[in-house]
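In our numbering, the protein residues as written are 1 to 220. Think of the CB as a built atom: it goes at the ideal place given N, C-alpha and C, for glycine as much as any other residue. Model, not experiment: these values are computed from the prediction.
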């Protein structure tokens with residue numbers, strides 16, 4: 001299978017959270033205990049049962065008008081994933097398939113969670129305290145390997161999620177950036193298989209920034 005890429009077009013996201021619900025339904029993930037924190041955003045973080053979370057970003061323009069932006073946050077499925085290198089300590093615990101999806105298996109129970117998380121530039125892995133298994137978004141590799149779109153993409157009503165062959169998606173993202181103009185940019189960079197088209201500088205959004213030289217970001 002050729003490399004596949006997911007593009008998240010932030011300007012088209014309406015915050016409906018269909019992607020968040022579809023992810024839970026397809027992967028049979030439990031619901032979270034939620035609470036009113038003064039925001040429609042829930043749950044407040046990724047977890048072993050929440051692999052995709054829609055973040056609500058509130059800002060004001062020069063006239064004081066409130067602007068809401070919605071961003072789906074999840075694993076970036078790095079082309080050169082640090083977690084894959086760490087996972088070599090337990091063969092089969094972390095694998096990367098031909099589509100580019102990075103998958104955590106049952107053997108992650110045998111891994112050192114702190115080693116794994118400290119080597120993820122984006123703070124993605126989460127541990128199920130009951131089972132000991134470490135998990136995250138799989139990019140629906142079980143669906144993709146059978147010719148289907150990821151569940152989140154299938155559920156998105158606004159076209160904010162696009163999925164397809166890598167080069168095709170890179171061209172799509174480039175076209176969207178050109179159409180948006182201004183400070184529109186690609187986050188976090190082409191060395192990932194999940195990409196965001198951001199209408200403004202990535203510093204505006206609560207998205208983890210990879211450290212300088214992130215490809216060499218490893219536990220000593």
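| query | result |
| --- | --- |
| Spatial distance of residue 128 from residue 113 (CA atoms) | 11 Å |
| Those runs of the alpha helix (DSSP H) which lie wholly inside the region 80-155 and span at least 4 residues | 82-87, 113-118, 141-144, 151-155 |
| Opposing strand residues paired with residue 187 [DSSP bridges] | 196 |
| CB of residue 86 within 8 Å of CB of residue 116, strictly | yes |
| Beta-carbon spacing of residue 71, residue 57 below 8 Å | yes |
| Cβ pair residue 186, residue 180 closer than 8 Å | no |
| Nearest candidate by alpha-carbon position, reference residue 9, set 192, 204, 158 | 158 |
| Exposed unless 16 or more other CB atoms sit within 10 angstroms - verdict on residue 176 | buried |
| Same chain only: Cβ atoms within 8 Å of residue 17, ignoring 5 sequence neighbours per side | 54 |
| CA-to-CA distance, residue 146 to residue 218, given in whole angstroms | A caution first: residue 218 carries a pLDDT of 39, below 50, which makes its placement in the model too unreliable to give a value. |
| DSSP-derived helix/strand/coil call for residue 162 | strand |
| Backbone secondary structure at residue 13 - three-state DSSP | coil |
| Reduced DSSP category for residue 240 - H, G, I as helix; E, B as strand; rest coil | Residue coverage of the chain in this structure runs from 1 to 220, which leaves residue 240 outside it and unanswerable. |
| Buried versus exposed, by CB contacts within 10 Å (16 or more), residue 148 | exposed |
| Whole-number beta carbon distance between residue 166 and residue 3, since they are thought to touch under 8 Å | 4 Å |
| Under the three-state DSSP convention, the category residue 168 falls into | helix |
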